[in-house]
Amino acid sequence: MRGREDEWTGLMRSAMAGDDAAYHRLLKAVTPVLRAAARRGLARAGQPPDQAEDIVQEILLAVHLKRHTWDSEAPFAPWLFAIGRNKLIDMLRRRGRRIFVNIDDFAETLPGEAPQETVSAGEVASQLNTLPQRQRDVLQSIAVDSTSIKDTAVKYSMSEGAVRVALHRGLAALTAKLRDQ
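Just so you know, the sequence shown maps onto residues 1 to 181 in UniProt numbering.
Below, the structure is given as structure tokens:
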């Protein structure tokens with residue numbers, strides 16, 4: 001570990017002196033270590049590890065933007081890990097207190113959705129006939145015939161926006177009528 005930290009410090013000193021290749025090698029060397037640390041920090045906080053990449057990117061960006069604040073006489077690793085710890089804490093604060101529970105283990109024991117009441121096709125058809133002609137045509141075309149909004153617009157010489165409005169209004173009216181029964 002000590003050898004790696006000395007290497008990082010040397011690379012950062014070279015990078016600060018203008019060696020772009022050293023800076024690139026430094027970032028490539030620290031990235032997997034930061035990724036593992038971010039995953040461990042997330043796991044300790046009870047969070048899913050899928051946010052680790054975001055944290056690593058924030059750390060690398062902060063290193064790049066704040067590299068002028070690093071004391072070249074000090075070791076690089078503590079400075080880097082302080083930034084990492086702060087970025088992890090910032091992300092956890094932004095997310096709030098959430099506990100991640102993988103439900104795959106419980107999928108078989110979770111109750112399914114309650115069956116919804118259904119309405120007979122005859123009732124739907126009779127209520128569909130009470131709608132205004134344009135709404136009825138649009139609903140018939142999209143919901144029953146499975147025609148796209150674009151093709152329905154062409155078929156009835158309407159704009160796609162007008163088709164969407166007629167569809168929405170028709171569905172709302174049909175739902176209200178069926179709910180009242």
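All residues carry an ideal CB built from backbone N, CA and C; glycine is no exception.
Counting the other Cβ atoms within 10 Å of the Cβ of residue 157 gives fewer than 16, which makes it exposed. For residue 47, the three-state secondary structure derived from DSSP is coil. In the three-state reduction of the DSSP assignment, residue 32 falls in the helix class, which pools H, G and I.
Between residue 80 and residue 30, the beta carbon gap of about 6 Å places them in contact (Cβ cut-off 8 Å). Rounded to the nearest angstrom, the gap between the Cα atoms of residue 48 and residue 22 is 33 Å. Here residue 140 is actually not in contact with residue 166; their C-beta atoms are around 11 Å apart, not less than 8 Å. Contact between the stretch 34 to 44 and the stretch 6 to 18 is absent: fewer than three C-beta pairs spanning the two stretches fall below 8 Å.
Taking the Cα positions, residue 43 is about 18 Å away from residue 57. Pairing residue 127 with residue 92 gives a Cβ-Cβ distance that is not under 7 Å. Per DSSP, the unbroken alpha helix (DSSP H) holding residue 79 starts and ends at 76 to 95. DSSP places residue 18 in the coil class of the three-state scheme, outside both helix and strand. With fewer than 16 other Cβ atoms inside 10 Å of its own Cβ, residue 3 counts as exposed.
Taking C-alpha positions only, residue 162 is separated from residue 90 by approximately 46 Å.
With 16 or more neighbouring CB atoms inside 10 Å of its own CB, residue 77 falls in the buried class. Sorting 131, 164 and 85 by C-alpha distance to the C-alpha of residue 150 places 164 at the top. Counting only runs of 4 or more residues that sit fully inside the stretch 135 to 161, the alpha helix (DSSP H) segments are 149 to 155, in chain order.
The residues 149, 150 and 153, in chain order, have a CB closer than 8 Å to that of residue 160 in the same chain once the five nearest residues on each side in sequence are set aside.
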